[in-house]
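In the UniProt record's numbering, the protein residues as written are 1 to 133. Down below is the structure, laid out as structure tokens.
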């Protein structure tokens with residue numbers, strides 16, 4: 001079994017367009033494509049960790065956890081337009097509030113509809129993959 005500190009080789013497949021972008025970025029930074037890919041992957045994890053921290057500070061650990069759980073659905077519909085995202089989020093809003101109440105043990109009131117919509121808007125905006133607006 002490999003140790004976490006071991007360097008391993010991984011074969012990747014991606015589009016020629018992405019390869020060119022990586023090559024250009026590597027040339028601009030003066031690094032190899034491998035170093036550029038590793039740096040970008042590491043940054044994506046740092047961004048994810050930062051997002052979790054920000055959500056936890058802003059909304060508490062329970063709601064942050066719930067928002068992280070619905071991230072795939074939010075992300076899938078974010079490109080379709082915010083109104084569609086919010087409509088979809090309303091379908092799961094009741095379940096999230098029930099889950100929030102259960103996990104908060106009555107210590108914290110669940111968010112209002114307006115607060116929930118704002119959380120979804122913000123989360124949809126910051127959870128998009130890099131390069132998407």
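From the three backbone atoms N, C-alpha and C, an ideal C-beta is built for every residue, glycine too.
When rounded, the separation of the alpha-carbon atoms in residue 16 and residue 34 is 16 Å.
For the pair residue 52 and residue 39, the CB atoms are not nearer than the 8 Å cut-off.
When DSSP states are grouped into helix, strand and coil, residue 13 belongs to the coil group. Sixteen is the threshold: since fewer than 16 other Cβ atoms of the shown chains lie within 10 Å of the Cβ of residue 45, the residue is exposed. Where residue 44 is concerned, the enclosing alpha helix (DSSP H) starts and stops at 33-69.
Inclusion of residue 64 and residue 50 in the CB contact set at 8 Å is not warranted, their separation being larger than that value. The three-state secondary structure of residue 29, taken from DSSP, is helix.
Between the alpha carbons of residue 30 and residue 11 lies a distance of about 23 Å.
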